[in-house]
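Undergrad: Have a look at this one.
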Amino acid sequence: MDMRYEAFCLEDPQFYETPANWGGDGDSFDVPAGSCPPGWERSRSGVWSVLRPAEHSGPEQGWKVHVSAVPKNAARVLATVADYCLPRGVPFKFITSKNALVARNSKYAPRSSSGKFITIYPVDERELGRILVDLSLALVGERGPYILSDLRYGEGPLYVRYGAFVELWTSDESGRPVPALRRPDGRLVPDRREPLFRPPDWVPLPAILLPQLDVRRGAATVDYPYHVEQALHFSNAGGVYLARPADGGDLVVLKEARPLAAMEWDGTDAVHRLYHEGRMLERLAGIDGVPELRDYLAMWEHDFLVMQHIPGRSLAQWLVDEYPCQQREASSHELRSYTRRALHVLSGVARLLSDIHDRGIVFADLHPGNILVDIDDSVSLVDFELAFDIGVRQRRPAFGAPGFGAPADRTGFAIDDYALAALRLWMFLPMTTLTALAPAKLRTHGDFVRRRFPVPAGYVEEILAELDPNQAALPPAPVADACEPNDPGCMVAEAVQGGAALPEFCWTALRDSVVEAIRASATPERQDRLFPGDIEQFSLGGTCFAYGAAGVLHTIAVSGGGRHPQYEQWLLDAVRREPVRRAGFYDGAHGVAFVLDFLGHRTEAAALVEAAVPLVLAGRDHGLGGGLAGIGLNLLHLGRTWRDAALAADAMAIGERLAEQLAETRPRPHAAVGLLRGWTGPALFFLRLYEYTLDRSWLRLAEQALCRDLAICGYGSDGSAPVPVGRRPSSSLAAGSAGFALVGDMIVSYLPEAACAPDLPVLERSCGAEFVSEAGLFSGRAGMLGALAVLLRRGADADTERALHRHRTLLLSLHGTHYLGALAFPGSHSLRLSMDFATGGAGVLRAMTLAGGGEGTLLPFL
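Under UniProt numbering, the residue at position 173 of the sequence shown is numbered 173, and the numbers go up by one with no gaps.
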């Protein structure tokens, strides 16, 4: 899971919320307005408060100073830095709340930014040196977590890194927009924010930092008692490594703890938890399946546990490798074989927990990532940080893995009992994050397991009795049997609040319910977003097509849900208020311009297109999502719609640029693939240029571009979904077979002999994957449903119809929940609801409309 999402779940139980909106009485950090000299300006940028002199004109990039802190000393550190910077005219910014500071330093927060509390912007290297010398004296005795991306100055909380001072953007290798630096030749390159100190190759290290670099290098040359052979895992707390004693011997595991890092809300840091884990392992010594504690160790400034190495893969990886429903409809033999193994693994986990409980210890963190499965399916447990003695009154872990953390009424061994029951459900339907968000889905999920897998009688009832006794007392949920398309009793339960069953083809009622949920969630009083969606809306802006208001409003309108003038006005106001930062279709100006034109606001659309011209000219990203392919498609569309030959000519010029890129570059094994970020998006653009010009060279380019993506992919072991090198099979619309199949089908309709033609049957079959963890359009079940609906328009196919039936049934029964009584869907990772186009209700609405026989396209231009 993308651990960024954790921080966006802490404020609102239903929707992702930016940490910038956290805070409350008594937990904010601030610099009093009265202490600022005349002429200083204050602004907000996310979780940061920025202070700078109004007339300040510093460089756009350079050496910046970071000051680390923990909640206990943060206010004092801020006062010291402000007292130094304000009278000297040095701009700086700081995190505005305790909650945000703790979240950014939590165990699974991004390691590259952890610990940063204040950022100071020297105007040049001379000022940099003066600031470091002066503040190192003023902050003597203050401590903070080590900032991994920086070089530390002295022994205090000061760190230095070369980076951008103003907002510059470019695209990385996968086509994602990333912060940028400007090379001496003027070219923008990614400002790589990695958890290691690595200045740009064209920037010499200032003299004042040379001794600090020697100290850092010296630490790497110490003769340590263990030699690391492999890094197993990283978090803010530190790494977990496979190592061997320097004098030889068996492999061991080193678990690292960084002082003051990965701090919890109560102030407990990684070092405290490490030694607590060591004590728990000592209590559990001799239990088969619990790693033996070998030693405690201090190396450099970090602490380590040395533990027995237990072979095996995590249960999460075991399920990815063994679960039979991931790529296609599983056979009865596969289901029986998997069920037998899964029950064996679960019985091993239960026995191991029982042995731990016999020692008076609650494990308290049971989830698939902490269970190891060996080649004989024997199990072990790792990560005893949260374990505790049953004698500790009312002790409960502060956090738990989503879906496995017990509710507040469970204490002691009941915490593990709850997690074990959740695990028993997860082994057959790994969607526990959704049941944590929408507990009413437990019955539906349990019924799916009962129908699909040959589990013992009473298996599901026992799970429900532990997880939710109230639901266990209810009759089974009337979930449709997704594998029987002709079942006359096939109904979709819980599509709307109260479990009111709707016939599958009642798409009008479903549409109206989804639109009602979207409207009910709207927050027109906010400026950062109109509809709650994915966390990307807080970095890309609340207007964009994929995650913002533009895509939602367009989808509602084209799906027959009507126009909403008050929300359209919000979009217009936001566009006038916010400068254009990205030009792309799904992440920036061109997608918003497309929607404004569709809604009748041509003047505003044209202004956006014009404002994006410099970004388009500088762009190198070839993708549909945020790059030239999406921009070119929109320019071609607007040029034809507005009868503007200049815009059409600009589209042709972009096509020529992309053709040059395709010829100049070679396939890279780890390059992004697919419709949104790979070369499949340019293939779609080349197809539209062919239709516009009837020049068959564009058609051949479309073939070459799609084949570029397919060349990077192999196929699954069962000949199903494409598998990019080093990655998992994907059937998704954005990055997998659904997008490949749609564009490939179009190419073959014009060019039957195209090289991609033999791949189409396999690509289409893989769109019928039985298990899909998420609902959304770009990466989930809705995208596959919509792709199959489009493919079926060319003619009926029994297997495709069966797969479409399965998707539309399971989309509602397994994923659908409600918001204020109306049909809603979970977003990325199913941790919170989403209403946006890429991940939430709007995208699901588009796919359902097409699957119900509605008109239109799945995506614009597709």
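Each residue gets a CB set at the ideal place from its N, CA and C atoms; glycine is no exception.
The structure displayed is predicted, hence computed values, not measured ones.
1. Is it a yes or a no for the segment 819-831 touching the segment 799-810, going by three-plus beta-carbon pairs under 8 Å?
2. Buried or exposed for residue 863, going by 16 or more other Cβ atoms inside 10 Å?
3. Once the 5 residues before and after Ala522 are set aside, which same chain residues still bring their CB inside 7 Å of it?
4. Classify Pro311 as buried or exposed, calling it buried when 16 or more other Cβ atoms lie within 10 Å of its own Cβ.
5. Excluding sequence positions up to five away, which residues of its chain have a Cβ less than 6 Å from the Cβ of Thr857?
6. CB Ala702 to CB Tyr690, shorter than 8 Å?
7. Give me the Cα-Cα distance between Arg244 and Glu229, rounded to the nearest whole angstrom.
8. Under a three-way DSSP split, which group does Ala482 fall into?
9. Out of Ile356, Cys713, Gly600 and Tyr323, which one is the CA nearest neighbour of Asp288?
10. When you compare only the Cα positions, how much space is there between Leu434 and Ala653?
11. Tell me, to the nearest whole angstrom, how far the beta carbon of Gly843 is from that of Leu777; I am working on the premise that it is less than 8 Å.
12. Would Gly156 pass as a contact of Leu139 if the rule is Cβ separation under 8 Å?
13. Out of curiosity, what's the CA-to-CA distance linking Met1 and Ala401?
14. Who are the near neighbours of residue 868 in its chain, counting only those whose CB is closer than 7 Å to its CB and skipping five residues on each side?
15. With three or more beta-carbon pairs closer than 8 Å as the criterion, would you say the segment 734-752 touches the segment 804-815?
16. Hey, how far is the Cα of Thr543 from the Cα of Val575?
17. Following the continuous alpha helix (DSSP H) through Pro565, name the residue where it begins and the one where it ends.
18. Whole angstroms is fine: what's the gap from Leu298's alpha carbon to Tyr226's?
19. Should Pro524 go down as buried or exposed, given a rule of 16 or more other Cβ atoms within 10 Å for buried?
20. Just the Cα atoms here: how many angstroms apart are Cys713 and Leu137?
21. Taking only the alpha-carbon atoms, compute the straight-line gap between Arg42 and Thr170 and give it to the nearest angstrom.
22. Starting from Ile747, follow the alpha helix (DSSP H) in both directions and report where the run begins and ends.
23. The alpha helix (DSSP H) with Ile556 in it runs from where to where?
24. Which ranges does the beta strand (DSSP E) cover as unbroken runs of at least 3 residues, wholly within the segment 68-125, from first to last along the chain?
25. How many Å lie between Pro485 and Leu810 at the Cα?
26. Below 8 Å between beta carbons: does that hold for Ser106 and Glu194?
27. Look up Cys767 in the DSSP assignment and say whether it is helix, strand or coil.
28. Could you name the residues of the same chain whose beta carbon sits closer than 8 Å to that of Ile750, not counting the 5 residues immediately before and after it, in chain order?
29. When DSSP labels each residue in this structure, what does Cys713 get in the three-state scheme?
30. Should the segment 355-375 be called in touch with the segment 298-307, which here means at least 3 C-beta pairs below 8 Å?
31. Between the Cα of Arg696 and those of Ile747, Gln527 and Ala672, spot the shortest distance and give me the residue it belongs to.
32. If you pair each beta-carbon of the segment 76-95 with each one of the segment 207-216, do three or more pairs fall below 8 Å?
33. Quick check: the Cα distance between Glu604 and Phe598, rounded to an integer number of angstroms?
34. Could you tell me whether the segment 643-657 touches the segment 665-681, using the rule of 3 or more Cβ pairs below 8 Å?
35. Take Ala602 as the anchor and find which of Thr641, Leu662 and Glu17 has the nearest alpha-carbon.
36. DSSP has Ala202 in a bridge; who is on the other side?
TA: Checking against the coordinates, here is how it stands:
1. no
2. Only positions 1 to 862 of the chain appear in the structure, and residue 863 is not among them; the question remains open.
3. Excluding positions up to five away in sequence, the list reads Leu530, Phe531 and Tyr567.
4. exposed
5. Counting only Cβ-Cβ distances below 6 Å, and skipping sequence neighbours, we find nothing.
6. yes
7. 7 Å
8. Note that Ala482 scores 42 on pLDDT, short of 50, meaning its location in the model is unreliable; the coordinates nonetheless yield the value given after this. It is coil, neither helix nor strand.
9. Ile356
10. Each residue's Cα considered, the two are about 46 Å apart.
11. Indeed they touch by this definition, with Cβ atoms about 3 Å apart.
12. Taking C-beta atoms as the reference points, Gly156 and Leu139 count as a pair closer than 8 Å.
13. 11 Å
14. With the chain covering 1 to 862 only, the question about residue 868 has no answer from this structure.
15. no
16. 7 Å
17. Pro565 to Arg577
18. Sequence check: residue 298 is Ala here, not Leu. Taking the straight line from one Cα to the other gives about 11 Å.
19. exposed
20. 56 Å
21. Rounded to whole angstroms, Arg42 to Thr170 spans 27 Å at the Cα level.
22. Ser737 to Tyr750 is the extent of the alpha helix (DSSP H) around Ile747.
23. Ala549 to Val558
24. 92-95 and 116-120
25. The predicted position of Pro485 is uncertain, since its pLDDT is 35 and thus under 50; a value taken from the coordinates is nonetheless stated next. Approximately 12 Å between the Cα atoms of the pair.
26. no
27. coil
28. Looking at the sequence itself, residue 750 is Tyr, so the reference to Ile does not match. Cβ neighbours of Tyr750 beyond the five flanking positions: Leu687, Tyr690 and Leu699.
29. Strand, per DSSP.
30. no
31. In this structure, Ile747 is the residue among Ile747, Gln527 and Ala672 with its C-alpha nearest to the C-alpha of Arg696.
32. no
33. Spanning the alpha carbons of Glu604 and Phe598 requires a straight line of approximately 11 Å.
34. no
35. Going by the sequence as given, residue 602 is Arg instead of Ala. Of Thr641, Leu662 and Glu17, the residue nearest in Cα terms is Thr641.
36. Checking the displayed sequence, the identity of residue 202 turns out to be Trp instead of Ala. Answer is none; Trp202 lacks a bridge partner.
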